[in-house]
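Notes follow the structure.
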Amino acid sequence: MTLKREMVSSGHWLFRYRGSFPVLFVVLLLVAVFTGSREVSHPAGITAWEAFCLLIAISGLVVRGVTLGFVSPGTSGRNTTAQRADELNTTGIYSMVRHPLYLANYLCWLGVLLVPGIWWLPLTVTLGFWLYYERIMMAEEDFLQGKFGEPYLEWAGRTPPFLPRFSSWKPSSRRFSLKFVLKREYASWLGVITSFVLLELVLHWASEEGGMPGRFWLILEGVALVFYLIMRILRTRTRLLHQSDR
Numbered sequence: 001m002t003l004k005r006e007m008v009s010s011g012h013w014l015f016r017y018r019g020s021f022p023v024l025f026v027v028l029l030l031v032a033v034f035t036g037s038r039e040v041s042h043p044a045g046i047t048a049w050e051a052f053c054l055l056i057a058i059s060g061l062v063v064r065g066v067t068l069g070f071v072s073p074g075t076s077g078r079n080t081t082a083q084r085a086d087e088l089n090t091t092g093i094y095s096m097v098r099h100p101l102y103l104a105n106y107l108c109w110l111g112v113l114l115v116p117g118i119w120w121l122p123l124t125v126t127l128g129f130w131l132y133y134e135r136i137m138m139a140e141e142d143f144l145q146g147k148f149g150e151p152y153l154e155w156a157g158r159t160p161p162f163l164p165r166f167s168s169w170k171p172s173s174r175r176f177s178l179k180f181v182l183k184r185e186y187a188s189w190l191g192v193i194t195s196f197v198l199l200e201l202v203l204h205w206a207s208e209e210g211g212m213p214g215r216f217w218l219i220l221e222g223v224a225l226v227f228y229l230i231m232r233i234l235r236t237r238t239r240l241l242h243q244s245d246r
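Residues in the sequence shown are numbered consecutively from 1, following this note's numbering.
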């Protein structure tokens with residue numbers, strides 16, 4: 001087996017478990033916080049640095065929303081057993097980057113990992129992310145090439161895999177669906193905000209004075225939780241978020 005085929009093969013295997021990979025980041029984050037030098041006290045409110053980190057994570061959520069709001073049915077799903085793509089997405093954000101959802105996930109994780117200010121933590125996770133997801137991206141591209149052939153090769157030849165080329169933007173051929181984004185992404189928003197709040201709690205515990213996260217973080221978590229519950233009810237108990245073409 002060639003090295004490329006071996007990486008593609010391992011990518012198909014990793015694809016099925018890609019949702020579990022962030023657990024490794026959490027373990028590494030906890031080790032970094034509790035083995036690093038302890039703060040005398042951790043600020044109760046939000047600092048300028050934490051606001052910057054939060055904006056990075058939110059930018060990842062925005063990229064996810066823009067991506068999913070324009071995608072064709074049967075693509076960019078959360079399937080884990082096998083690759084699936086009923087249509088090749090080449091417009092909208094896919095005209096700038098081939099793997100926008102993985103870019104979005106990276107931004108979400110990066111925002112959280114930057115908060116403690118431990119320089120080696122985001123570097124280590126970035127390396128691990130690339131080694132892990134490079135294989136998954138290769139497996140996905142192998143599948144797409146086999147299914148769509150020359151149209152895929154033409155699109156891949158002009159579109160970077162991970163870092164967007166903004167000059168390549170082409171408007172999406174589909175109408176943006178806010179309903180689909182809300183239906184798909186309400187849990188992602190809660191997950192990211194809860195990650196920040198729990199990290200703030202850990203940083204307070206790890207400091208010499210202890211304490212609890214400030215009012216800003218508690219209010220933010222409350223808003224995220226209420227939003228999650230409302231969207232959950234709308235999705236499971238009503239048809240307000242239903243769309244026949246999604």
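Glycine included, every Cβ here is placed at the ideal spot set by N, Cα and C.
Cβ neighbours of S10 within its own chain (closer than 6 Å, five residues either side excluded): R135. The criterion of a C-beta distance shorter than 7 Å is satisfied by L199 and V115. Each of M138, G111, W130, V31 was checked against the Cα of V8, and the nearest Cα belongs to M138. About 15 Å separates the CB atoms of L234 and L225; that is not less than 8 Å, and the two are not in contact. The shortest C-alpha to C-alpha distance from G36 to any of I118, K170, S168 is the one to I118. One thing to note: G60 has its Cβ no nearer than 7 Å to the Cβ of F176. With respect to V62, N89 sits apart: the two C-beta atoms are not nearer than 7 Å.
When beta bridges are read from the DSSP output, K170 appears opposite G92. In this chain, the alpha helix (DSSP H) harbouring I193 covers 178-206.
Counting along the chain, R18 sits inside no alpha helix (DSSP H), nor does DSSP assign it H or E at all. The beta carbon of L30 sits closer than 6 Å to none of the beta carbons in its chain outside the five residues before and after it. Judged by their CB atoms, S195 and V112 are nearer to each other than the 7 Å cut-off. R158 sits away from A104, with the two beta carbons spaced by 7 Å or more. Excluding the 5 residues flanking it on each side, V181 has same chain C-beta neighbours closer than 7 Å at G65, L68, G69, in chain order. In the same chain as L14, and ignoring 5 residues on each side of it, the C-beta atoms closer than 7 Å to its own belong to Y132, R135, I136, in chain order. When the Cα atoms are used, P164 and E209 turn out to be separated by approximately 43 Å. Per the coordinates, the alpha-carbon of E50 lies some 24 Å from the alpha-carbon of F21. In the DSSP assignment, W155 falls within the unbroken alpha helix (DSSP H) covering 150-158. Annotation for T238: no alpha helix (DSSP H) segment contains it, and DSSP assigns it neither H nor E. The Cβ-Cβ distance between F52 and V125 does not fall below 7 Å. About 35 Å separates the CB atoms of V197 and W169; that is not less than 8 Å, and the two are not in contact. The beta-carbon distance between G45 and G222, rounded to whole angstroms, is 16 Å. This is too long to meet the 8 Å contact definition.
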